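I have placed the structure first, in the form of structure tokens, so that the comments after it can refer back to it.
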Amino acid sequence: MPERPIAVAMSGGVDSSTVAALLVRQGRSIVGMTMQLWNQRRLPELQVEGTTGRCCSLDDVYDARRVAEQVGIPYYVVNFERQFEEKVVKPFVEEYLAGRTPIPCTLCNNHIKFDRFLEMADSVGAHHVATGHYARIRYDEASGRYQLLRAVDDSKDQTYFLFGLTQQQLARTMFPLGEMNKAEVRELARGMDLAVAAKSDSQEICFVPNGDYAAFMDAYLRDTGVTPARTEGEIVGTDGRVLGRHEGVHRFTVGQRKGLGVATGEPLYVIATEPASQRVVVGRNDDLLRSSLFARDVNWISIPGVAGPVRAQVKIRNRHTAAAATLRATSDAARVEVVFDEAQRAVTPGQGAVFYSGDLVLGGGWIE
Amino acid sequence: MQRFYFDHNATTPVAPEVLETVVSCLGQVYGNASSIHHFGQAAKQRLETARRQVAALIHADAREIVFTSGGTESDNMAIQGVVRAADQPSKHIVTCAIEHPAVLMTVKHLQQEGVEATAVKVGASGVVNPDDIRRALRPETVLITIMHANNELGTVQPIAEIARIARQAGVALHVDGVQAAGKIPVDVGELGVDLYTLSGHKLYAPKGVGALYVRKATRLEPLAWGGHHERDRRPGTENVPGIAAFGAAAEVAGRCLREDAERIGVLRDRLENAVLERIPGCGINGSRWNRVPNTSNIYFDGVDGEAMVIALDLRGFAVSTGAACSSGALTPSHVLTAIGLSDDRARASMRFSLGRGNTAEQVNALVDAIGSSVAHLRRISVHA
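Top to bottom, those sequences are chains A and B. Positions 1 to 368 (my numbering) are the ones given, in order, by the first sequence. Positions 369 to 752 (my numbering) are the ones given, in order, by the second sequence.
Now the structure itself:
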């Protein structure tokens, strides 16, 4: 029996293309696969000229196929549209309608890239999968655990989106770019003359064109035959005073400043969205500060859990600088209280709270 | 790695004698078949030879053969052509649920223009009941379009009976014979069809060439407009090398039909019997009896068909899930759903289509590979 191949998840971008080429250069046996996750033609009203955020476009498949051909590996497109809609798109829409701000990339990692894709890899005879994520995995002999570490390139680090990975998933995953910075990756891609070396990075949520998630939700709900519940309502101040009206709670996210349509003397921010009363609460910047939060469905990675208080740095959204905090266990092992040393702005329900100790990812959960 | 091809319903390799024809034609016969001079005449001769060869395969008159770019164009030409040429103020088409997209989508397009259509259902056998066709007829029906052999199941439809119904009702009958010609004997006169679609690359000719048999006096509006080629049925300078190759392939197919069918049928049955005997939880989709001899569609419960195609390809075996056109699509094969398979079972189904190049050794190797793939996939599958 020859060496079991590694399945590389190829998006058609420069990162995953470089991963495939690097592993080939190391003499590994590789199978390239592109996950077809979303049919961009499904919601034609969202197709406007200059659309960005084109996950699974024919162009990306074309690029991935071209790289696979260049480096000489077998290549397949695998269709996970059904699972993606069920596990990522539907929850994304439901979370927004419930007044939370979801992170579809984490759901996609948990349920598609490191679940369905791992299974597909196994199906075709590959044990390991490799992706273009910027993160590092290390096996720790002492604890017997696979650890997840921040990427060397801090500006590209994607561990915030990977907090749901289980020990079984980490054991079978390779992140060859974790030790590199983006400039090096591009240089490597150019050096190997990869067709996508100059391709621009993907941005925002892949299935939402131009980042207009409200338009996406409207179109998606129409397409699935759901009449969107009318969620327009009042914009109120922290004192309960009605300041104006809005067109739907799902159009607002905690910390948002633009698009409120309410003029007052000082800048106003969304403090909370309340789907039950369909109210959007606005207030001053200071009203956004929170000194603690609860995280649910916590997944522990580098440590098995917390019993007593544990010091950590906690990130509450992707573009947040991790803040010093103490993790406190609750009666529920998968629920953790995070008490910040200094109050943090815009703690947003539905986002992830990811716990770090230096470069090490201890674990993470969903903000309640 | 040695590679074995078991996907002849998707396309076939070009036969050696056909390749010879293409090369000589491309190299030497470059005239325009409409030109008066020697070069034009040489091209015209190749064209008319091919027309006789293709006509002979289906026992038609050469004057009834219109060359096209392939099966899809022929289906469009027949369906759109008959419907648009009909005078009735309201028009109705009868087709069936397991047709190829080239037919179903053409009908759907016409429906958007106001034409009515009925797609009769088929049962688990994958064979149309002619009585259902009869019942679907209306006074305004202008066309019945039914495939001869199904591309996914291989099931053969009762065309002669349907033709009798069509004739009694005075309705034109189009038959998509892309998967039948070259696999089973076809006699368009005996069958009693008005239009019959053929594709070159399904019978060892190159891609990009096909034909439509149009019975004399059939009223047909052309799809495109231009010169007086193909008796005003299909304008455009003829693809002489492709057509000559199609002719050569049709000639070989006719000559070897009985021998091919018998040899390939034995291999197909060997494959099915071995699979059914050795692998639990599998079965044949559609009727085992009314079938072309090369096609087998088998479900393997608990197995993801897409994963199995990849796993087999990595081991050198080319097979397919359902139809090539529907792989990669979100929905399971419309054919398998139409014969009553659950979505899960449809996704767990594989098509094996054999051809001239296959041998008993290849079939044995394929059975071994299927056996170990199915066992592996069932071991790891938790989502199915």
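Each residue gets a CB set at the ideal place from its N, CA and C atoms; glycine is no exception. In this text the structure is predicted, and so the values were computed from the model without any measurement.
Shorter than 7 angstroms, the distance from the beta carbon of Asp287/A to the closest heavy atom of the ligand SAH, or not? With respect to the ligand SAH, the structure offers nothing, as it holds no ligand at all.
Who does Ile652/B pair with in a DSSP beta bridge? Answer by DSSP bridge pairing, in chain order: Ile666/B.
Of the residues Ala517/B, Phe374/B, Thr565/B, Phe407/B, which one's Cα is nearest the Cα of Ile552/B? Nearest of Ala517/B, Phe374/B, Thr565/B, Phe407/B to Ile552/B, Cα basis: Ala517/B.
Return no unless some Cβ of chain B is closer than 8 angstroms to the Cβ of Asp218/A. No, because no Cβ of chain B sits closer than 8 angstroms to the Cβ of Asp218/A.
Taking only runs that begin and end inside the region 177-251 of chain A, name each unbroken alpha helix (DSSP H) of 4 or more residues, in chain order. List check, alpha helix (DSSP H) in window: 182-191, 213-223.
By Cβ distance below 6 angstroms, which residues in the same chain neighbour Ser17/A in space, the five residues on each side in sequence not counted? Excluding five sequence positions before and after Ser17/A, the CB atoms of its chain that fall closer than 6 angstroms to its own CB belong to Val67, Leu194, Val196, given in chain order.
Give the list of continuous beta strand (DSSP E) stretches no shorter than 3 residues that lie fully inside the region 690-739 of chain B. The region 690-739 of chain B contains these whole beta strand (DSSP E) runs: 717-721.
Going by DSSP, what residue range makes up the beta strand (DSSP E) through Thr348/A? Taken as a continuous stretch (DSSP letters only), Thr348/A belongs to no beta strand (DSSP E), as it is neither H nor E.
Would the region 536-548 of chain B and the region 397-413 of chain B be scored as touching if the rule is three or more Cβ pairs under 8 angstroms? Remark: fewer than three beta-carbon pairs, one from each stretch, lie closer than 8 angstroms, so the region 536-548 of chain B and the region 397-413 of chain B are not flagged as touching.
Extent of the continuous beta strand (DSSP E) to which Gln147/A belongs: If you look at Gln147/A, you'll find it in the beta strand (DSSP E) that goes 145-149.
Note down the Cα distance separating Phe216/A from Thr253/A, rounded to an integer number of angstroms. So the two alpha carbons sit approximately 15 angstroms from each other.
Along chain A, in chain order, which residues have C-beta atoms closer than 9 angstroms to that of Asp672/B? Chain A residues near Asp672/B: Glu119, Met120, Ser123.
Quick one: is Tyr62/A near chain B, going by C-beta distance under 8 angstroms? False, the Cβ-Cβ gap to chain B never drops below 8 angstroms.
Measure from the C-beta of Leu530/B to each C-beta in chain A and report whether the shortest distance is under 8 angstroms. Looking at the sequence shown, residue 530/B is not Leu but Ile. With 8 angstroms as the cut-off, Ile530/B does not count as an interface residue toward chain A.
Would you mind giving the Cβ-Cβ distance between Glu337/A and Arg279/A, rounded to the nearest angstrom? I have them listed as a contact below 8 angstroms. Rounded, the Cβ-Cβ distance is 27 angstroms, inconsistent with contact.
Validate contact between the region 646-660 of chain B and the region 419-439 of chain B using beta carbons, cut 8 angstroms, 3 pairs: They do not touch, by the three-pair rule.
Check whether the Cβ atoms of Gly12/A and Ala20/A sit closer than 8 angstroms, and answer yes or no. Taking 8 angstroms as the Cβ cut-off, Gly12/A and Ala20/A do not qualify as a contacting pair.
Name the residues in the region 656-668 of chain B whose C-beta lies less than 7 angstroms from a C-beta of chain A; which are they? Only those residues of the region 656-668 of chain B whose C-beta falls short of 7 angstroms from the nearest C-beta of chain A would be listed, and there are none.
C-beta contact flag for Glu467/B and Met515/B at 8 angstroms: Yes. Within cutoff.
Chain B residues whose Cβ lies nearer than 9 angstroms to that of Pro309/A: Under the 9 angstroms cutoff, chain B gives no residues; its nearest Cβ is about 38 angstroms from Pro309/A.
Glu484/B, enclosing beta strand (DSSP E) - first and last residue: Glu484/B -> beta strand (DSSP E) spans 484-488.
For Gln47/A, the first and last residue of its enclosing beta strand (DSSP E): It is not in any beta strand (DSSP E) - Gln47/A carries neither H nor E in the DSSP assignment.
What three-state label does DSSP hand Met1/A in the structure shown? Note that Met1/A scores 45 on pLDDT, short of 50, meaning its location in the model is unreliable; the coordinates nonetheless yield the value given after this. Coil at Met1/A, not helix or strand.
Which of helix, strand or coil does DSSP assign to Met676/B? Met676/B: helix per DSSP, three-state reduction.
Please list the partners that Pro44/A has in chain B, where partner means a Cβ-to-Cβ separation under 9 angstroms. Going along chain B, no residue has its Cβ under 9 angstroms from Pro44/A, so there is no contact; the nearest lies around 16 angstroms.
Does the region 132-146 of chain A come close enough to the region 266-276 of chain A that 3 or more CB-CB pairs lie under 8 angstroms? Segments in contact, no.
Members of the region 177-197 of chain A that neighbour chain B once the beta carbon cut-off is set at 9 angstroms: Listed in sequence order: no entries.
Using a Cβ-Cβ cut-off of 8 angstroms, state whether Asp15/A counts as contacting chain B. So, not an interface residue.
For chain A, check one thing: does any of its Cβ atoms lie closer than 8 angstroms to the Cβ of Cys693/B? Because Cys693/B sits at a pLDDT of 49, beneath the cut-off of 50, its placement in the model cannot be relied upon, and the point is left open.
Helix, strand or coil at Asn299/A according to DSSP, with G and I counted as helix: When DSSP states are grouped into helix, strand and coil, Asn299/A belongs to the strand group.
With 8 angstroms set as the bound, which would you pick, yes or no: does the beta-carbon of Ala679/B sit closer than that to a beta-carbon of chain A? Under the 8 angstroms criterion on CB atoms, Ala679/B is classed as interfacial with respect to chain A.
Taking 8 angstroms as the cut-off, decide whether the C-beta atoms of Arg290/A and Ala343/A are in contact. Note that the C-beta distance between Arg290/A and Ala343/A is below 8 angstroms.
Cβ-Cβ separation, Leu165/A to Ile301/A (assumed contact under 8 angstroms), whole Å: About 7 angstroms; that satisfies the 8 angstroms criterion.
Could you work out which residues of chain A lie near Ile738/B, taking near to mean beta carbons separated by less than 9 angstroms? Neighbours of Ile738/B on chain A: none; closest Cβ ~14 angstroms, over 9 angstroms.
Quick check on Asn732/B: buried or exposed, where buried means 16 or more other Cβ atoms within 10 Å of its Cβ? In the assembly as shown, Asn732/B is an exposed residue. Its beta-carbon has fewer than 16 other beta-carbons within 10 Å.
Answer with yes or no whether the minimum CB distance from Leu734/B to chain A is below 8 angstroms. Not one chain A Cβ lies under 8 angstroms of Leu734/B.
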